[in-house]
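Undergrad:
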Amino acid sequence: MPQVAPPDTRADNLRGAAFMLAAMGGFAVEDMLLKATARQMPVGQMLIIFGLLGMAAFAVMTLRAGEVLLHPAITGRPMLIRAVCEVTGRLFYTLAIVMTDLSSAAAILQASPLLVIGGAAVLFGERVSLARWLAVGLGFVGVMVILRPGLDGFSALSLLAVLGMIGFSGRDLATRAAPRVLSHRQLGLYGFAALVPAGTILLAISGGAQVPSANGAGLVVMASAVGVAAYYALTVAVRTGAVGAVTPFRYSRLVFAMVLGFAVFGERPDAATLVGSAIVVAAGIFALTRRQSGMGFG
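The sequence shown begins at 1150 in the working numbering and counts up one residue at a time.
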């Protein structure tokens, strides 16, 4: 007879899944608000304000927990790499959601967990079964379907989402190597702090800042509040339920993004985007829920 999970385990998994859904919905709303804000002010300026507001929120949480704002561990190599990857990921992904369809950028971002699986095997020697390697490969086939290089529907701007996805994957890998003495609150603080130089770089390239309109300021404040809440929900999710039960719900972000893209911006993903998205999501769910077997790579 199959074993039945204890009631508390089932409850933890359900609670973790609920928080993961809330987090992914929040991140999709954050992306939508940032895309809308970019119509009101320069993208670099938007990133600076977004970063400063997020920093302030996580600074308050860090101090209330009795933790230091500037921990000596932030000068270590993993944290410096994490900062560079955070800047790269946020900069290019923000440009992607501003300059391309929200649903297309979100679909490409869903390949990030697959890249993290491959990167963890290469960099940290984590054991990855042959089936999971095949799933990783299939996921990137899905990304190619979305990008359709060499075909009429190809847009070079879609590569912005690819660069953002690579940056976020590097950030997640660097987070694994980050010192355990750093809390999620401190990591959140440093993550939002990285947006300030990212926005400064972009603002220096694109031109000077502008006095934001009331509408633009309100949008970026809402995006910051939603982003902080989503990050907190994500932290609760990964600390509550089992990884295999909670992590697949990350892919709900794509559903939220497609709904918001259609409802707010009138986006209509074409067949290639829908097919590629389905491949990426299916491959990711398989890879994240697959139990490791004896057939693996060291």
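For glycine and all other residues, C-beta sits at the position ideal for the given N, C-alpha and C.
1. Start and end of the alpha helix (DSSP H) containing residue 1191?
2. Assign residue 1220 to one of three DSSP states: helix, strand, or coil.
3. Taking the alpha-carbon positions, what's the residue 1179 to residue 1384 distance?
4. Using the beta-carbon count (16 or more within 10 Å), is residue 1250 buried or exposed?
5. I need the DSSP call for residue 1360, collapsed to helix, strand or coil.
6. Report yes if the CB atom of residue 1237 is closer than 8 Å to the CB atom of residue 1183, and no otherwise.
7. Look at the Cβ atom of residue 1257, then the Cβ atom of residue 1294, and state whether they are nearer than 8 Å.
8. My understanding is that residue 1406 touches residue 1255, with C-beta atoms under 8 Å, so please give their C-beta distance in whole angstroms.
9. Can you give the Cα-Cα distance for residue 1348 and residue 1417, rounded to whole angstroms?
10. Buried or exposed for residue 1303, going by 16 or more other Cβ atoms inside 10 Å?
11. Could you check what DSSP says for residue 1284 in three-state terms: helix, strand or coil?
12. Run through DSSP, which three-state label would residue 1415 get?
13. Can the beta-carbon of residue 1265 be found less than 8 Å from the beta-carbon of residue 1429?
14. Just the Cα atoms here: how many angstroms apart are residue 1296 and residue 1307?
15. Touch check for the region 1199 to 1215 and the region 1342 to 1361: three-plus C-beta pairs under 8 Å?
16. Nearest chain D C-beta to residue 1308 closer than 8 Å, yes or no?
17. In chain order, what residues of the same chain lie with their CB nearer than 7 Å to the CB of residue 1241, ignoring the 5 residues before and after it?
18. Can you tell me whether residue 1352 is helix, strand or coil according to DSSP?
19. For residue 1410 and residue 1246, I'd like the C-alpha separation in whole angstroms.
20. Residue 1176 and residue 1386 - do their beta-carbons sit closer together than 8 Å?
21. Where does residue 1215 fall in DSSP's three states?
22. Report, in whole angstroms, the separation of the C-beta atoms of residue 1413 and residue 1165, which I expect to be a contact under 8 Å.
23. Out of 1367, 1275, 1287 and 1279, which one is the CA nearest neighbour of residue 1325?
24. Can you tell me whether residue 1273 is buried or exposed? The criterion is at least 16 other CB atoms within 10 Å of its CB, across all chains shown.
25. Use the C-beta contact count for residue 1338: other C-beta atoms within 10 angstroms, 16 or more gives buried, fewer gives exposed.
TA: By the coordinates alone:
1. Taking the first residue of the sequence shown as position 1, residue 1191 is located at position 42. Careful: residue 1191 lies outside any alpha helix (DSSP H) and carries neither H nor E.
2. As a first step, residue 1220 must be located in the sequence shown, where it is residue number 71. Coil at residue 1220, not helix or strand.
3. Your numbering for residue 1179 matches position 30 in the sequence shown. Your numbering for residue 1384 matches position 235 in the sequence shown. Cα-Cα distance, rounded: 17 Å.
4. For this step, residue 1250 is matched to residue 101 along the sequence shown. Burial call: buried.
5. Locating residue 1360 in the sequence shown gives position 211, counting from the first residue. Looking at residue 1360 - three-state DSSP - the assignment turns out to be coil, as it is neither helix nor strand.
6. The residue given as residue 1237 occupies position 88 in the sequence shown. The residue given as residue 1183 occupies position 34 in the sequence shown. Going by C-beta atoms, residue 1237 is not nearer than 8 Å to residue 1183.
7. Counting from 1 along the sequence shown, the entry for residue 1257 is found at position 108. Counting from 1 along the sequence shown, the entry for residue 1294 is found at position 145. The answer is no: Cβ separation not under 8 Å.
8. Within the sequence shown, residue 1406 is the residue found at index 257, counting from 1. Within the sequence shown, residue 1255 is the residue found at index 106, counting from 1. Contact holds; Cβ gap of about 4 Å.
9. The count along the sequence shown starts at 1 and reaches residue 1348 at position 199. The count along the sequence shown starts at 1 and reaches residue 1417 at position 268. So the alpha carbons of these two residues sit roughly 30 Å apart.
10. In the sequence shown, residue 1303 corresponds to position 154, counting from 1. Classification of residue 1303: exposed, given that the 10 Å Cβ count is below 16.
11. In the sequence shown, residue 1284 corresponds to position 135, counting from 1. Correct three-state label for residue 1284: helix.
12. Working through the sequence shown from its first residue, we reach residue 1415 at position 266. Correct three-state label for residue 1415: coil.
13. Your numbering for residue 1265 matches position 116 in the sequence shown. Your numbering for residue 1429 matches position 280 in the sequence shown. The answer is no: Cβ separation not under 8 Å.
14. Taking the sequence shown and counting its residues from 1, one reaches residue 1296 at position 147. Taking the sequence shown and counting its residues from 1, one reaches residue 1307 at position 158. Distance between the alpha carbons of residue 1296 and residue 1307: 7 Å.
15. yes
16. The structure shown has no chain D; it contains just one protein chain.
17. For the purposes of this step, residue 1241 is taken as residue 92 along the sequence shown, with counting starting at 1. Cβ neighbours of residue 1241 beyond the five flanking positions: 1309, 1312, 1313 and 1316.
18. Along the sequence shown, read from residue 1 onward, the residue named residue 1352 stands at position 203. Note: residue 1352 maps to helix in three-state DSSP.
19. Position 261 of the sequence shown, counted from the first residue, corresponds to residue 1410. Position 97 of the sequence shown, counted from the first residue, corresponds to residue 1246. Rounded to the nearest angstrom, the two C-alpha atoms are 10 Å apart.
20. The count along the sequence shown starts at 1 and reaches residue 1386 at position 237. The count along the sequence shown starts at 1 and reaches residue 1176 at position 27. Their beta carbons are not under 8 Å apart, which means residue 1386 does not touch residue 1176 by this criterion.
21. Mapped onto the sequence shown, residue 1215 falls at position 66. Residue 1215 falls in the coil class under three-state DSSP.
22. Numbered from 1 along the sequence shown, position 264 holds the residue referred to as residue 1413. Numbered from 1 along the sequence shown, position 16 holds the residue referred to as residue 1165. 29 Å between Cβ atoms; not a contact.
23. Position 176 of the sequence shown holds residue 1325. When each option's Cα is compared against that of residue 1325, the closest is 1275.
24. Counting from one through the sequence shown, the residue named residue 1273 turns up at place 124. Flag for residue 1273 reads exposed.
25. Position 189 of the sequence shown holds residue 1338. Buried.
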